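Asks:
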Amino acid sequence: MTARAGEWRTRLLLATFSTLLTLALGEGATRFLLRPNATPAAEGTPISEISPTLGWRTRPNGAQRIRREGFDVVVSINRLGLRGPEISYEPEAGVRRLAIMGDSFAHGYYTSEPETLRGRLAEALKSCRVDVLNAGGPGYSTDQEWLYFSEEVSKYRPAEVVLLFYYNDLQFNIERLGTGNRSKPVFVEKGGSLELVLPASIAPPMGDREETVARRGASTFHHSALWALLATRLERSRPDWSRTLSGYGLMPELSAEPPAEYLPFGPKDAAEQTRVAEMWKRTIEILRRFRDDVRRDGASFSVFYVPARFEVNDDAWTFVQRRYGADRPWNRDSVRTRLAGTLVGLDIPLVESTALFRSGEKAGPPAYLPVDGHWNARGNEIAFQSLFPVMRRAFACGS
545 MTARAGEWRT RLLLATFSTL LTLALGEGAT RFLLRPNATP AAEGTPISEI
595 SPTLGWRTRP NGAQRIRREG FDVVVSINRL GLRGPEISYE PEAGVRRLAI
645 MGDSFAHGYY TSEPETLRGR LAEALKSCRV DVLNAGGPGY STDQEWLYFS
695 EEVSKYRPAE VVLLFYYNDL QFNIERLGTG NRSKPVFVEK GGSLELVLPA
745 SIAPPMGDRE ETVARRGAST FHHSALWALL ATRLERSRPD WSRTLSGYGL
795 MPELSAEPPA EYLPFGPKDA AEQTRVAEMW KRTIEILRRF RDDVRRDGAS
845 FSVFYVPARF EVNDDAWTFV QRRYGADRPW NRDSVRTRLA GTLVGLDIPL
895 VESTALFRSG EKAGPPAYLP VDGHWNARGN EIAFQSLFPV MRRAFACGS
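943 is the number that our numbering gives the last residue of the sequence shown; the numbers go up by one with no jumps.
(1) Going by C-alpha distance, which of 603, 667, 612 is nearest residue 928?
(2) Can at least three beta-carbon pairs, one atom from the region 653 to 672 and one from the region 687 to 694, be found at a separation below 8 Å?
(3) Taking residue 663 as part of the alpha helix (DSSP H), name the residues at either end of that continuous run.
(4) Pull the bridge partners of residue 710 from the DSSP assignment, please.
(5) Using CA coordinates, which residue listed in 808, 554, 926 is at the minimum distance from residue 873?
(6) Classify residue 688 as buried or exposed, calling it buried when 16 or more other Cβ atoms lie within 10 Å of its own Cβ.
(7) So for residue 597, helix, strand or coil by DSSP?
(8) Is residue 828 helix, strand or coil when you go by DSSP?
(9) Give me the DSSP bridge partner(s) of residue 734.
(10) Would you check if there are 3 or more beta carbon pairs closer than 8 Å linking the region 727 to 744 to the region 863 to 883?
(11) Along the chain, where does the alpha helix (DSSP H) containing residue 858 start, and where does it finish?
(12) Please go through the same chain and pick out, in chain order, the residues whose beta-carbon is closer than 8 Å to the beta-carbon of residue 908, but skip the five residues on each side of it.
(13) Which residues in the same chain have their Cβ closer than 6 Å to the Cβ of residue 631, if we skip the five residues on either side of it in sequence?
(14) Run the proximity test for residue 709: is its beta-carbon closer than 7 Å to any non-hydrogen atom belonging to the ligand FMN?
(15) Below 8 Å on the Cβ atoms is my contact criterion, and I expect residue 601 with residue 722 to pass it. Report the Cβ-Cβ distance as a whole number of Å.
(16) Counting only beta-carbon atoms, is residue 737 nearer than 8 Å to chain D?
(17) Beta-carbon within less than 6 Å of residue 844's beta-carbon, same chain only, minus the 5 sequence neighbours each way: which residues are those?
(18) Taking the alpha carbon of residue 945 as the reference point, which residue from 912, 702, 613 has its own alpha carbon closest?
(19) Are the CB atoms of residue 718 and residue 706 within a distance shorter than 8 Å?
(20) Since residue 888 and residue 847 should fall inside the 8 Å C-beta cutoff, what is the C-beta to C-beta distance between them, to a whole number of angstroms?
(21) For residue 635, which residues in the same chain have their Cβ closer than 7 Å to its Cβ, ignoring the five residues on either side in sequence?
(22) Looking only at its chain, what residues have a beta carbon closer than 8 Å to the beta carbon of residue 644, apart from the 5 residues adjacent to it on each side?
(23) Can you tell me whether DSSP reads residue 919 as helix, strand or coil?
(24) For residue 821 and residue 737, I'd like the C-alpha separation in whole angstroms.
(25) Identify, in the order they occur along the chain, each residue of the same chain with its Cβ nearer than 6 Å to the Cβ of residue 620, setting aside the five sequence neighbours on each side.
(26) How should residue 646 be labelled, buried or exposed, when 16 other C-beta atoms within 10 angstroms of its C-beta is the threshold for buried?
(27) Report yes if the C-beta distance between residue 603 and residue 593 is below 8 Å; otherwise report no.
(28) Kindly give me the distance between the Cβ atoms of residue 818 and residue 856, rounded to whole angstroms, as I take these residues to be in contact under 8 Å.
(29) Going by DSSP, what residue range makes up the beta strand (DSSP E) through residue 813?
(30) I think residue 912 touches residue 805, with their Cβ atoms under 8 Å apart; what is that distance to the nearest whole Å?
(31) Check whether the Cβ atoms of residue 833 and residue 917 sit closer than 8 Å, and answer yes or no.
(32) Grab me the residues of residue 850's own chain with a C-beta within less than 6 Å of its C-beta, minus the 5 sequence neighbours each way, in chain order.
(33) Nearest CA to the CA of residue 813: which residue from 612, 933, 919, 871?
(34) How many angstroms separate the CA atom of residue 876 from the CA atom of residue 860?
(35) Can you tell me whether DSSP reads residue 589 as helix, strand or coil?
(36) Can you list, in chain order, the residues of its chain whose CB lies under 7 Å from that of residue 612, leaving out five sequence neighbours each side?
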């Protein structure tokens, strides 16, 4: 019995030692792999600059390599500040123009220029002598897009203006800070009208700062980088489990409060409902004025709804509910359906792509970058498939 007990003690000690050694090696490897180091300096010249009216804008003649998880792209800006080929303000005789406006989805900094929505449309409409302009501004909301049209895009005399609308436009249309906490213009209601409030302060555009910031070291939980890494992985896959474990002190605390931009998909109390109502009211008025300015210039105006990944991918939608609590009155079609009704009332045509993206996400490779959240090449192709038939009819381009 004594010899047998000694054997078990030896095995237990070996198992304990092996486990501790494995954890120590894992901890060391995690700290080494996630150690602080400087991100490589940006290659090229800045592609954005400060604007006293827009907050920021694309910088003429800028050319920069952008490297993120999932893509590595060189973005070039032409002499007039648009991504893509050189296009003068005045069109050649017999040439008509299509302006693609919106945020990063329109600009397409996450993919090569020929694979962007602009690039695909330009190639498809080339035989009909149609110039396609990439008038997208990374991080822009609808108010900035409206101002950008008035300041710059109208100079190109487009015959068609297509505005890409993304769900977070609602939130940023009532805010003085945009993506990356950058100061932006905002329209406020005053005397039954909209009054423009210019950006409050001037700061370097976010895109020019990102590439030179030193990367942080491994975050720790209970002084363990390995534990923090495992917690992060669990949070990304099962945030509901992570929140439960955090109650026992086994995982970092995880708030169930969603970002304000998510509120239109599930406001749960009077305060949130009031805020969402304000988002819609401001956005509707901006769209109305935007429409009027475009039509006053003799162009047609339409809106292309850009569905977020969680609006078309069931797993991504399940994650949102787990992350921010299933007790909210979630409705992932709420923004799209309300926008559709709003545009009917404004007499603005809507180009829908949600059904195509949903079938694409179910049947084929992903259409979105997994971390960045923008379209990949396939996503741009699906968007093109949705918009091209509409533009072909608008320009009477083939059958």
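In this text, a Cβ means the ideal position worked out from N, Cα and C, and glycines have one as well.
From a predicted model like this one, the values you see are computed outputs, not experimental measurements.
Replies: Quick answer:
(1) Comparing Cα-Cα distances from residue 928 to each of 603, 667, 612, the minimum goes to 667.
(2) The region 653 to 672, when compared against the region 687 to 694, does not touch it at the 8 Å Cβ threshold.
(3) Here the alpha helix (DSSP H) through residue 663 covers 661 to 669.
(4) Paired residue(s): 850.
(5) Selected option, being the one with the closest Cα: 808.
(6) Counting the other Cβ atoms within 10 Å of the Cβ of residue 688 gives 16 or more, which makes it buried.
(7) Note: residue 597 maps to coil in three-state DSSP.
(8) In the three-state reduction of the DSSP assignment, residue 828 falls in the helix class, which pools H, G and I.
(9) As computed with DSSP, residue 734 is found in a beta bridge with 737.
(10) No, the region 727 to 744 is not in contact with the region 863 to 883.
(11) Its alpha helix (DSSP H) spans residues 858 to 868.
(12) Once the five neighbours on either side are set aside, the close Cβ partners of residue 908 are 922.
(13) Setting aside the 5 residues that flank it on each side, residue 631 is surrounded in the same chain by 675, each with a C-beta closer than 6 Å to its C-beta; the list follows chain order.
(14) What this structure holds is no ligand at all, so the ligand FMN is not there to describe.
(15) A Cβ-Cβ separation of about 12 Å leaves residue 601 out of contact with residue 722 under the 8 Å criterion.
(16) Structure shown: chain D not included; a single protein chain is present.
(17) Taken in chain order, the residues that qualify are 704.
(18) Here the chain has residues from 545 to 943 only, and residue 945 is not among them.
(19) Not closer than 8 Å, so no.
(20) Not a contact, Cβ separation roughly 11 Å.
(21) Once the five neighbours on either side are set aside, the close Cβ partners of residue 635 are 641, 675, 701.
(22) Hits under 8 Å: 650, 661, 662, 665, 676, 677, 678, 679, 680, 706, 708.
(23) Here residue 919 sits in strand by DSSP.
(24) Cα-Cα distance, rounded: 17 Å.
(25) Same-chain partners within the cutoff: 607.
(26) It is buried - the Cβ of residue 646 has at least 16 other Cβ atoms within 10 Å.
(27) Contact: yes.
(28) In this structure, residue 818 and residue 856 do not form a Cβ contact; the two beta carbons are roughly 29 Å apart against a cut-off of 8 Å.
(29) No beta strand (DSSP E) contains residue 813, which DSSP labels as neither H nor E.
(30) Wrong, their Cβ atoms sit about 17 Å apart, outside the cutoff.
(31) No, these two residues do not count as a Cβ contact at 8 Å.
(32) Excluding sequence neighbours, residue 850 sits near 649, 708, 710.
(33) Of the listed residues, the one whose Cα sits closest to residue 813 is 871.
(34) Cα-Cα distance, rounded: 11 Å.
(35) Correct three-state label for residue 589: strand.
(36) Excluding positions up to five away in sequence, the list reads 916.
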